[in-house]
Each structure stands twice: as structure tokens, then as C-alpha cells.
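Residue numbers (the working numbering): 73 to 195. Cβ atoms here follow ideal geometry from the backbone N, Cα and C, with glycine treated the same way. Just so it is clear, the structure is predicted and the values come from calculations on it, not from any experiment. Read through the structure below, which is laid out as C-alpha cells, and then see the notes.
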Ligand code: SF4
Ligand SMILES: [Zn+2]
């Protein structure tokens, strides 16, 4: 069972849990397990670390003092994800260009393999 840490009591709880079974804090919005309700820990506000506050695209009335929010997107996590995505894309592009550069060899190997199969089946 995948678990997350409760933002209030820090106990490990089921990722799908709507309320924390230990301290009863609400973990999901609108009682739906698919809508996470992010909560600020300590004295800070969620907006301080949110992508939508940084790029000024959020128009929620609770901004910039949101203590809980359904749309919160952590800046650091988002940067990490885009770096990983860029790495995957560049790796894919490298493989693609390598295959294109050695296309002739792949073709020759394919033809040799077909010839080999024809010879084998003729025996
Ligand atoms: S999405 Fe939520 S956490 Fe992010 S800036 Fe808007 S109100 Fe703040
Ligand atoms: Zn709790």
C-alpha cells in the first residue's frame, strides 16, 4: 500500500486516504481520493514555493497566503521533472540520430539475415 506522510502529525497514511486516521485532518479535496489537498507545513504559505505564483498565472483568491490548495505545484519538483524530461528527450534524440547515421549498416545486416534465412530454409 503506497503511503504518504501526514502534513500535521507526520504519521504514514494511505496515499488514497481522504482524512488522516490519526489526527483526522482532511487530505483530499471534495471527499475525492483523486484530488489531493496540499497543505503548508509550519508558518510559511504554499504560494511561496508554487510554480503558479512564480510565473504569476494563479488567480485563486487565497493567493499569496494559501495554507491549503488543490492546485499547488512545487517549484523544485517541477524543475526536477522538466530536467528529467529534457534528459529523456535528448537521450531519445541521440539514439535516433545514431540509428540514422548507421542506417546503411542496419540495411545490410537485415539483407544478410534474410539471405541467411533463405539458405537455411533451402537445406
Ligand atoms: S495554485 Fe494555490 S498554492 Fe499555487 S499560487 Fe495559487 S493559491 Fe498559491
Ligand atoms: Zn495526521
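Across which residues does DSSP place residue i in a beta bridge pair?
i: residue 76; result: 85
i: residue 122; result: 146
i: residue 110; result: 141
i: residue 59; result: Lying before the first or after the last residue shown, residue 59 is absent from the chain, which here runs from 73 to 195.
Under 7 Å Cβ to Cβ from residue i, same chain only, skipping five residues before and after it: list those, please.
i: residue 252; result: Only positions 73 to 195 of the chain appear in this structure, which leaves residue 252 out of reach.
i: residue 100; result: 90, 107, 108, 109
i: residue 73; result: 86
i: residue 105; result: 88, 90
i: residue 136; result: 117, 119, 125
Short of 8 Å in beta carbon distance, which residues of its chain neighbour residue i, apart from the five on each side in sequence? Order them along the chain.
i: residue 94; result: 78, 81, 83, 85
i: residue 97; result: 78, 79, 80, 81, 91, 111
i: residue 142; result: 101, 107, 108, 109, 110
Apart from the five residues on each side of it in sequence, which residues of its chain come closer than 6 Å, Cβ to Cβ, to residue i?
i: residue 111; result: 79, 140
i: residue 177; result: none
i: residue 76; result: 87
i: residue 130; result: 124
Stretch-stretch touch, CB-based, cutoff 8 Å, three pairs: the region 117-128 with the region 136-149: yes
Distance cut 6 Å, beta-carbon to ligand 1 heavy atom: residue list by chain order: 118, 119, 122, 124, 125, 130, 132, 134, 135, 138, 141, 143, 144
Beta carbon shell of ligand 2 at less than 6 Å from a heavy atom: 78, 80, 81, 83, 92, 94, 95, 97
Runs of alpha helix (DSSP H) wholly within the region 150-195 (minimum 4 residues, chain order): 175-193
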